[in-house]
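Protein chains: 8
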Amino acid sequence: MTQVRWDHDRESRTGVPEVVYGPGKTKAHLRQLFENEKGLRMASRLSDEQMDVLRDLATIYPEARMAVLNPRPKRNIPLVPVVTAGTADIPVALEAATTLEAMGVPVGTHFDVGVAGIHRLQSILPELTAARVCIVVAGMDGALAAVVAGLLRAPVIGVPTSVGTGVAQGGLVALNTMLASCSPGVAVVNIDNGFGAACLALKILGTERPD
Amino acid sequence: MTQVRWDHDRESRTGVPEVVYGPGKTKAHLRQLFENEKGLRMASRLSDEQMDVLRDLATIYPEARMAVLNPRPKRNIPLVPVVTAGTADIPVALEAATTLEAMGVPVGTHFDVGVAGIHRLQSILPELTAARVCIVVAGMDGALAAVVAGLLRAPVIGVPTSVGTGVAQGGLVALNTMLASCSPGVAVVNIDNGFGAACLALKILGTERPD
Amino acid sequence: MTQVRWDHDRESRTGVPEVVYGPGKTKAHLRQLFENEKGLRMASRLSDEQMDVLRDLATIYPEARMAVLNPRPKRNIPLVPVVTAGTADIPVALEAATTLEAMGVPVGTHFDVGVAGIHRLQSILPELTAARVCIVVAGMDGALAAVVAGLLRAPVIGVPTSVGTGVAQGGLVALNTMLASCSPGVAVVNIDNGFGAACLALKILGTERPD
Amino acid sequence: MTQVRWDHDRESRTGVPEVVYGPGKTKAHLRQLFENEKGLRMASRLSDEQMDVLRDLATIYPEARMAVLNPRPKRNIPLVPVVTAGTADIPVALEAATTLEAMGVPVGTHFDVGVAGIHRLQSILPELTAARVCIVVAGMDGALAAVVAGLLRAPVIGVPTSVGTGVAQGGLVALNTMLASCSPGVAVVNIDNGFGAACLALKILGTERPD
Amino acid sequence: MTQVRWDHDRESRTGVPEVVYGPGKTKAHLRQLFENEKGLRMASRLSDEQMDVLRDLATIYPEARMAVLNPRPKRNIPLVPVVTAGTADIPVALEAATTLEAMGVPVGTHFDVGVAGIHRLQSILPELTAARVCIVVAGMDGALAAVVAGLLRAPVIGVPTSVGTGVAQGGLVALNTMLASCSPGVAVVNIDNGFGAACLALKILGTERPD
Amino acid sequence: MTQVRWDHDRESRTGVPEVVYGPGKTKAHLRQLFENEKGLRMASRLSDEQMDVLRDLATIYPEARMAVLNPRPKRNIPLVPVVTAGTADIPVALEAATTLEAMGVPVGTHFDVGVAGIHRLQSILPELTAARVCIVVAGMDGALAAVVAGLLRAPVIGVPTSVGTGVAQGGLVALNTMLASCSPGVAVVNIDNGFGAACLALKILGTERPD
Amino acid sequence: MTQVRWDHDRESRTGVPEVVYGPGKTKAHLRQLFENEKGLRMASRLSDEQMDVLRDLATIYPEARMAVLNPRPKRNIPLVPVVTAGTADIPVALEAATTLEAMGVPVGTHFDVGVAGIHRLQSILPELTAARVCIVVAGMDGALAAVVAGLLRAPVIGVPTSVGTGVAQGGLVALNTMLASCSPGVAVVNIDNGFGAACLALKILGTERPD
Amino acid sequence: MTQVRWDHDRESRTGVPEVVYGPGKTKAHLRQLFENEKGLRMASRLSDEQMDVLRDLATIYPEARMAVLNPRPKRNIPLVPVVTAGTADIPVALEAATTLEAMGVPVGTHFDVGVAGIHRLQSILPELTAARVCIVVAGMDGALAAVVAGLLRAPVIGVPTSVGTGVAQGGLVALNTMLASCSPGVAVVNIDNGFGAACLALKILGTERPD
């Protein structure tokens, strides 16, 4: 098998660890990456079969499609809210939440608070305004990120999802809505990129507590 | 000059009158269309020069870039709210409002109530909920249409505008956001098409009062 | 399982009920949503398996891919015509028709009256001109909406479909044709969105009879 | 000045002559191409200034933005109808008509017969059905080509135009509508390409009468 | 089953017959359309299963994915050349060729004469220049249509195909290359639309021999 | 003049102040917004004429095209590096830098360090690694954001610019490169949106020091 | 079966041999092309089944999805480096490398040296600077080609790959990044086109040693 | 004025010199870059005014829109052919030719040999086949690059241009045609990038003669 160059010091250099990206990985390769590993190891976008392969080696998060080995101890900082517009956005949100929790960051998840019933935001506003960074996951029209960013002092990370039909298929509408947001200060990441959103949140939180 | 085929019975057939579309019309042609006209006559998308040409023949609405001759008497029906997300959306909103008023429909305009400060919707909610049809004009992220449609029983006509920079340039983001709205029942028209929104509102109001 | 926030008062607030969107729903979840339900319950975009799961709990409409429980009594209002350009547009048309009938609105369906044989419109013109709102479903070139809107006083709701090959694949051509229609006053909804068209029709009809 | 390779035998080889494409041509170069020319010479897409330069050398068609020298004698064949959907499509239609007439082909022009008032087609149907080839010029929704092609035995050449606002800007909607036409047998040329449509008509007519 | 409106007089009105478009048709429906049919009947885009269903009722053309019943007698006119750039374009070319032959038009097929080895055109040039209309089928760069159109007096119908990888996927590059052709007079049809090309050829041939 | 709704408490609610967006503002309106203003007031995207109008009322930053009145006192925090790939990206970078400085944040600018000469990054690496947040402004290929993000613990805000020719025109390539970055944790904002990048930086810095 | 025109003298004319493109080829056809072949024969993009069919006739390269018969003897020239940004780009890189080696060109492969850890380039720089041509294979942001081209005297061939998620899906972002590269002199080929990159490298190397 | 980082050793490192890109440069800045310069200095994309400013300091090439100071002595190598499809492509071709000549490379230009009259290639074939690298400049359908690449052993650099109307506007069609070329081994650069093509040719030629 072709030899690859593992970027061993990525976390010390950038504050975020490498993740094992599931698609295309063989079973043997996956097991090898988790066996005898002493530090944190995460894998994402796993198929059902790949999760089965790792079940005895790591904790499996089936909805997030992730495996985690040796998570970091929980840090004593405010919850990072992870909010979705719809129920179909939940897997992406859980990829972000699981990554953050593996890194020791406490998370509060709130699903299905889309702008078609804007009053649903009211009940979670106290938690949102207490946060140091907030992740909003939304497909279809993606409008939730702008609404939340207009209410908070903390930076809002917008994760567009590929959820939607017709013109919304593939997530470009949600992506562009977040980029064009009339609320300045939304940090946008790639479509369905829950892991990237978690990394960005880690970097934002980390500026505060260089440990 | 080439002879054209005027669609004389369009209003009786479809409930909406023809409008004189300004771009490309010569001064002579414009004056000829308004002189000695006994019925309602409207022109839209007029340049400064074209408005000067018609100033003695019709009422000029410079912000809406329209001219109106012989408007219909005001009908005794609830106000049609015309709401914009930003100040740059106002010309499109006024094209819709001026067309409706020329047809006798009372209008209430509310500008700059974008979702970056969602609380601004609160004060106009009573007028919105009393309306039989509502027009929302928004560029950039276009998210306002979804939020309003989630609050009303009446149909909401969404008019995306070409207002915006970067990815929002040209209005496609606002258009797609409205089409992909998670609030079902938004009626979308073409970008910047204030006249089309007014025609659709007329048709919706007209089903109720066949006069 | 993750807890979601059901928008309980959506119908009273907006005039349209929530629909259970099939894709991604588990069998258990689907059954739970229909069992012991006393009011109207609809599900859409159901797979063959999902329809089998609900067959003993609700009425199944296989061509529309919907399930309906406790439909509303039929209202005494004129038929809403639902017209398609081709035969492949029928499933989208039936999603609109089934939703309307579940809400008590009488519907008249007319399929395969595309503009390649424009004379076929003649025989249904009386029903179209008697309607208070009309739904036109068309893929490929989407031209039927403009032709119908040029003939009626009532608002026309255009539903582009993803039917078509080559450049028409996915429905964007039909969508844009409807938005760019030279007949003013077409209300456009998202591609294949029969449910959205029905909701918009309900809102338009409802302005007239606040019950 | 850089020397170019004129394709001298293009007409004998392909049945269509070269045209002098105006944009970028200097005044001196333009005059040189028309002075002392003994055969047919055409120039298209001329600016006002370029037309002035050629006014003493050739016949100027200001609406078509063309200049023609030594047109061919009129052939004794049925009229080629050139039909437009709107008035803004006229310059493109006249580029086609002027090219055909320069080549000796008789033309019948019919402007502003768009599908928003489909009854306007009725009066010109006899001329259309008598034609051996028909040119339909349409911007915005471009739907007219499909409607006409559904009525005729002769081939229909569709010329999409860049006329339109919002999504229709630039002519892509009209182009795609014509390509996706549900009436088989529409021959589509590039946006605004009146000259190309005329060349195609010449080739179609020529198959019949090899002179 | 929903009733559809068959356009019975399409051929007498437009010179081209209706074709049964395979996708979505049930086996029962397909058989019903061919059983006891006395006139010409064609079906296209058939799946392997659909072809099996019709094997006892009609002649099956597996590469063209068509079925033909009661083809017309062969007309005594010059061959229509159907030329492809590559081997992967052959199925689309055969859809065109089979349709023409079913209508009695003689066809000459020439495959794999792409512009990467332009000398391969030389040997078929005599047949091409003798033709009254020529069909060029090409995916990838689609350049063959321009080259052929620069050599012939007859009209060239360009059929872009969805053959190609990377940027060429789906056929848009080939389509646009044909539309932007520097050889005027190419008649372009939709991507992969062999049937449409045949219909256009029929209309072009038919102008010459009104039978 | 139409009355607009100023969002007075935006800064206290979201941590970022409103900016006066220049395009479309009249001279009178601009002066009125700056005259007698006691707090911070910023205007952006000003034309040469608009800057002249405000020259006696505020400090003008001609390269940034901004005007600033009553800037906040400088905070005692590490420099925020604002880095550009090319010289044409400088105006966007200065919009970000000027906004930050108006809000009291110290800035270090470094221009023309694009990846075509990657060694130029070396000399500024110490300043970059000491920062709590870093802004990278790049058009054309936009690759600089990924390279920098791979070297730092701090979050990197990527601002794509519309600088570039051919495929890079308008900034979409730079935008997508940043979103698709193989370095996780880049926060992307809209094309040319220097102001938005500054707001996001403010929010990130602010989470650390609620003052 | 339809007869095709094999371009027998392509290699002598253009310096690159024809390759058998796997998709769509039947097993019988594939075997026939390799059996009794005396010269070099290559096939690419083979499925697992197609590779099995050729296993006894040619050398199979499963990761490259190629089969090679009668490779050329190795030329005595410097290694051509084939570098990838990530591990998912390896199959495309191996298509290039295998083609070059079949033609006798020595290759040095270096995988996973993406710009997120730019220091990984350092160790292979001596080999890169000694090369006469270098191939860079990258998906996602595609930024590696620009960085490498900024370091070398030799031409760099950029091969964008379809590797990536969200906006990077399909490879357009990587393609455009390479075209817009701020390092002049990158030669770009189609997405995933390892074979094309090898052909271009062959042509570049061949100019030097006309054998 | 903001200070920039000039990449002083770019030519020694990469074999190609930096060029002064005209757009946005002030007159003073331009003069400063040419005054007292002892080595080669080139500027490109100059406006008429910018060329006037440099007229006393450097040689001006008005059609190429370039200025050159201290060109290199002519190398004794075969001509590099620079071929265009049309006359409107000439300015881009001359940017490539002027850059090459400034670097001492002899050039042979051949304009207007597009594929609509493919016989025009015949007369220049001997020069093309003698070349070590060939540059093909083409807009509209861009098909010339594939045809030439199918005839030569030398690498062909394809430069798509933004020449064209309708779908060809902006050069994307020509770009994609070249990328999708059925002739393997075309090296594609960005739209209108004559300078980039020259740099790539320099790198290809330089591999052969390290001087």
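Residue numbers (the working numbering), protein chains in the order written: chain P, 1 to 211; chain F, 1001 to 1211; chain S, 2001 to 2211; chain C, 3001 to 3211; chain B, 4001 to 4211; chain R, 5001 to 5211; chain X, 6001 to 6211; chain Z, 7001 to 7211. Yeah, the Cβ is synthetic: ideal placement off N, Cα and C, and Gly gets one too. Given the structure is predicted, the values throughout are model-derived calculations rather than measurements.
Inter-residue Cα distance where the pair is residue i and residue j
i: residue 2061 of chain S; j: residue 125 of chain P; result: 41 Å
i: residue 4211 of chain B; j: residue 4205 of chain B; result: Note on residue 4211 of chain B: pLDDT 40, under 50, position unreliable in the model; the coordinate value appears next. Distance between the alpha carbons of residue 4211 of chain B and residue 4205 of chain B is about 11 Å.
i: residue 2016 of chain S; j: residue 2083 of chain S; result: 22 Å
i: residue 3127 of chain C; j: residue 3081 of chain C; result: 7 Å
i: residue 6135 of chain X; j: residue 4053 of chain B; result: 52 Å
i: residue 978 of chain F; j: residue 2155 of chain S; result: Outside the shown range of chain F, which is 1001 to 1211, sits residue 978 of chain F, and nothing can be said about it.
i: residue 6049 of chain X; j: residue 6110 of chain X; result: 29 Å
i: residue 7032 of chain Z; j: residue 7194 of chain Z; result: 25 Å
i: residue 3029 of chain C; j: residue 7090 of chain Z; result: 16 Å
i: residue 6122 of chain X; j: residue 5178 of chain R; result: 23 Å
i: residue 94 of chain P; j: residue 102 of chain P; result: 12 Å
i: residue 186 of chain P; j: residue 5197 of chain R; result: 9 Å
Under 9 Å between C-beta atoms of residue i and residue j
i: residue 3184 of chain C; j: residue 3174 of chain C; result: no
i: residue 2158 of chain S; j: residue 2142 of chain S; result: yes
i: residue 4079 of chain B; j: residue 4107 of chain B; result: yes
i: residue 2147 of chain S; j: residue 3133 of chain C; result: no
i: residue 6034 of chain X; j: residue 6058 of chain X; result: yes
i: residue 5014 of chain R; j: residue 150 of chain P; result: yes
Supposed contact pair residue j and residue i - C-beta distance, whole angstroms, cut 8 Å
i: residue 4041 of chain B; j: residue 4069 of chain B; result: 4 Å
i: residue 5981 of chain X; j: residue 6164 of chain X; result: The question about residue 5981 of chain X has no answer, for chain X in this structure spans 6001 to 6211.
i: residue 1188 of chain F; j: residue 2092 of chain S; result: Incorrect: roughly 17 Å between the Cβ atoms, too far for contact.
i: residue 5043 of chain R; j: residue 5066 of chain R; result: 6 Å
i: residue 6145 of chain X; j: residue 6181 of chain X; result: 6 Å
Per-residue burial, residue i [other beta carbons within 10 Å of its own, 16 or more giving buried]
i: residue 2072 of chain S; result: exposed
i: residue 2096 of chain S; result: buried
i: residue 3056 of chain C; result: exposed
i: residue 4098 of chain B; result: buried
i: residue 3207 of chain C; result: Because the pLDDT at residue 3207 of chain C is just 47, under 50, the model does not fix this residue reliably, and the value given afterwards should be weighed accordingly. The residue in question, residue 3207 of chain C, is buried, as its Cβ has 16 or more Cβ neighbours within 10 Å.
i: residue 4209 of chain B; result: Confidence at residue 4209 of chain B is low in this model, with a pLDDT of 41, below 50, so its placement is unreliable and the value that follows should be read with caution. Label assigned to residue 4209 of chain B: exposed.
i: residue 1076 of chain F; result: exposed
i: residue 24 of chain P; result: exposed
i: residue 4036 of chain B; result: exposed
The ligand NAD heavy atom lying under 8 Å from the CB of residue i
i: residue 1162 of chain F; result: The ligand NAD is not part of the structure shown, which contains no ligands of any sort.
For residue i, the residue or residues it bridges with in DSSP
i: residue 4073 of chain B; result: Note: residue 4073 of chain B sits in no beta bridge, so no partner.
i: residue 5109 of chain R; result: R:5082
i: residue 160 of chain P; result: P:138
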